[in-house]
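Have a look at the structure below, then the notes.
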Amino acid sequence: MKDIECVDFLQWALPQLHRRWAGFRKVRRTTCKRIERRVETLKLPNVQAYRELLEREPREWSALEALLPITISSFYRDKTVCDFIGDVVLRDLAARAAQRGVATLRAWSIGCASGEEPYTVMLLWRLRVQPSFAQTSIDLRMLATDVDAAVLERARIGCYAGGTLKQLPPGWRAQAFTQTADRYCLRPEHRAGIDFVRQDVCATLPHETFDLILCRNLVFTYFDEALQVETLKRLLTRLRPGGGFVIGRRETLPSDVGGLAAWAQELGVFRKLNSS
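Under my numbering, the first residue of the sequence shown is numbered 41, with each subsequent residue one higher.
Next up, the structure:
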């Protein structure tokens, strides 16, 4: 399939799924390969025939939507943001929890893919923050969700190629991982406290309320504006007043949704207003 053919198809199909072409432009090769494989599986002659199939078979849209998620991740992705989460956000939230007499902080990683983000946050907590709160017995529990069952299974196993660990702070790899051949596996104590759950943020929300929600490089990159607004409003119902909300550093929030104040806007970090 030629690039121009796939671009034309995506520009037609994505808006009907409330997705933004601008979000997929740079990753279109991955998406186009998946669509090409789908066309071959259906034994169709070309992507135009696939478009015609979609127009007469509404159920195929669900199959197309399942091809869209992009899973690009690594440990300690964007060092400045991770440092701020560890040095400022988690410490502030832990101090607030201690003042309330609460023993557990709750965080939610949306679109967690194969687990690098929630494990990074847990390492930040265990290796950098928790020792300062040893007398309070505060712990961190994380919910990590994704629509892709296969990447969630890899996340539960917690073993990774060395390349995805390159950005970790010095000493963390030796401290938190064991090496087997060319794979690095998180020690059991650093896998503890994270629940990996298959969930579509567009369809379902957890029942609990969180002190920290990480929604990086998903909703505000790939969703269209209407779906961004709808999703953000729903997410804020699950964030505790004063809680942290983290988006991708190059993402922007919809302008017509209130309830958040900048914590470090240049890093994509916000705090829920107490009055919201």
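Note that beta-carbon positions come from the ideal geometry of N, C-alpha and C, so glycine has one too.
How is SER172 classed by DSSP in three states: helix, strand or coil? helix
Looking only at C-alpha atoms, which of PHE236, ALA266, ALA214 and MET182 sits nearest to ARG227? ALA214
Would you call the segment 233-240 and the segment 200-220 touching, i.e. three or more CB-CB distances under 8 Å? no
According to DSSP, simplified to helix, strand and coil, what is CYS255? coil
To the nearest angstrom, report how far apart SER154 and TYR90 are at their CA atoms. 30 Å
ASP186 classed as buried or exposed, judged by whether at least 16 other C-beta atoms fall within 10 angstroms: buried
Taking only runs of the beta strand (DSSP E) that begin and end inside the segment 146-212, which ones reach a length of at least 3 residues, in chain order? 179-186 and 199-201
Own chain, CB closer than 8 Å to ALA103, minus 5 neighbours either side, in chain order: ARG78
Bounding residues of the beta strand (DSSP E) (the contiguous stretch that carries GLN139): Run containing GLN139: none in the beta strand (DSSP E); it sits in the alpha helix (DSSP H), 130-140.
For PRO294, tell me which candidate among PHE285, PHE260 and ALA302 has the shortest Cα-Cα distance. PHE260
With a threshold of 8 Å, are at least 3 pairs of Cβ atoms found where one atom belongs to the segment 271-282 and the other to the segment 160-176? no
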